[in-house]
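What follows is the structure in structure tokens.
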């Protein structure tokens, strides 16, 4: 989980959209940090969580900065309005902090029914080296990867490739439902 202090970028943010825009910001983060902590982003202002977002993807903007593609998190929405799980010290210049998602805990039980424990969601990036392949071969490789990722439901962001058009076509070509080996076979007419 990544926590960003939006005290400067979102000081006047009052709507959820403005908080999300401020949180998406241009943050200095390494690829390694994104790989380890890049599943959820918390927008914090004045020690309170102003927004909790699932990180759908990110793109480099300039000078080692990244901008996030975010959506409101259903799983961590209970944090919004409460105290931040991380604390910035007065005068601390880095507006970004990291914490393990498991350290945040889970939503407090409502009533007598306890919330089920949810597994930690991770973000994984795959880098495909296409050196030596023609554009057509690279597009076929990307199509295959998109097909597999689409079948498992694990495809979220494919904007970091130079073959975006081909990958969008591959995703749109996924017109069948994924079935496990244990599922009954589909009967054809």
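Residue numbers (the numbering used here): 266 to 454. Glycine residues also receive a C-beta, built at the ideal position from the N, C-alpha and C atoms.
Cα-Cα separation between residue i and residue j, rounded to whole angstroms
i, j, result
"residue 394", "residue 356", "43 Å"
"residue 407", "residue 369", "36 Å"
"residue 318", "residue 354", "24 Å"
"residue 282", "residue 316", "10 Å"
"residue 351", "residue 364", "8 Å"
"residue 285", "residue 308", "8 Å"
"residue 323", "residue 294", "11 Å"
"residue 410", "residue 306", "27 Å"
"residue 320", "residue 402", "30 Å"
"residue 338", "residue 302", "15 Å"
"residue 472", "residue 405", "Residue 472 cannot be examined here, being either before or after the span of the chain that is shown, 266 to 454."
"residue 343", "residue 279", "18 Å"
"residue 328", "residue 298", "16 Å"
"residue 366", "residue 373", "15 Å"
"residue 325", "residue 296", "10 Å"
Which of helix, strand or coil DSSP assigns to residue i
i, result
"residue 332", "strand"
"residue 278", "coil"
"residue 273", "coil"
"residue 457", "Residue 457 cannot be examined here, being either before or after the span of the chain that is shown, 266 to 454."
"residue 371", "coil"
"residue 348", "strand"
"residue 337", "strand"
Cβ pair residue i, residue j closer than 9 Å
i, j, result
"residue 349", "residue 268", "yes"
"residue 345", "residue 270", "no"
"residue 347", "residue 313", "yes"
"residue 266", "residue 300", "no"
"residue 272", "residue 311", "yes"
Any non-hydrogen atom of the ligand MN closer than 8 Å to residue i Cβ
i, result
"residue 405", "Annotation note on the ligand MN: not contained in the displayed structure, which lists no ligands."
Residue i - containing beta strand (DSSP E), residue span
i, result
"residue 363", "361 to 363"
"residue 321", "313 to 325"
"residue 310", "305 to 310"
C-beta neighbour in chain C for residue i, strict 9 Å
i, result
"residue 291", "Judged by its chain identifiers, the structure shown contains no chain C, having just a single protein chain."
N-terminal and C-terminal residue of the alpha helix (DSSP H) that residue i is part of
i, result
"residue 296", "296 to 302"
Within 8 Å, do at least three Cβ pairs link the stretch 396 to 409 to the stretch 321 to 332? no
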